[in-house]
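Just add 67 to the spot in the sequence shown (first one is 1) and you have our numbering.
For glycine and all other residues, C-beta sits at the position ideal for the given N, C-alpha and C.
Structure, as structure tokens:
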Amino acid sequence: MSDSNKPMMILIAGPYRSGTGDDPDKMAANLRRLEEASYPIFQAGHIPMIGEWVALPVWNTAGGSAIGDRLYDSIFHPTAGRLIEHCDAILRLEGESTGADNDVRLANERGIPVYYRIEDIPGYRAS
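In structure tokens:
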């Protein structure tokens with residue numbers, strides 16, 4: 068398989084904690100919104116990735132207990148940064164998010180594509 072046909076790992080970036088006041092229900096709703104983009108990415112032949120899929124279990128098993136505590140901050144944003152080192156592109160969903168904006172900055176530094184519409188991802192087809 069040539070590199071041009073190789074599935075991309077695409078980080079889905081958007082609001083998770085931003086604008087929630089740390090309300091767990093609002094954060095869960097934001098995660099569901101991020102996850103809604105995962106299946107179309109998969110259908111396009113790629114591998115969807117969301118930083119919280121990695122960060123949440125790491126934080127929980129490390130003893131995380133309070134959103135925004137020192138442990139939380141030491142895991143969540145660094146996880147996205149580490150993932151971007153392995154990702155081939157980012158899908159930036161709408162909404163204010165310092166973390167997602169940082170993901171875009173890191174992607175630009177790496178020279179990997181940033182998509183702002185799921186329709187722009189190679190291989191996307193409306194179902």
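{"Asked": "SER164 classed as buried or exposed, judged by whether at least 16 other C-beta atoms fall within 10 angstroms", "Found": "buried"}
{"Asked": "Beta-carbon proximity of ARG84 to MET76, cut-off 9 Å", "Found": "no"}
{"Asked": "Backbone secondary structure at ARG159 - three-state DSSP", "Found": "strand"}
{"Asked": "At least three beta-carbon pairs within less than 8 Å, the segment 154–168 to the segment 123–142", "Found": "no"}
{"Asked": "C-alpha distance - LEU173 paired with SER194, whole-angstrom precision", "Found": "31 Å"}
{"Asked": "Counted within 10 angstroms of its Cβ, other Cβ atoms place ASN97 as buried (16 or more) or exposed", "Found": "buried"}
{"Asked": "HIS113 versus PRO74 - alpha carbon distance", "Found": "5 Å"}
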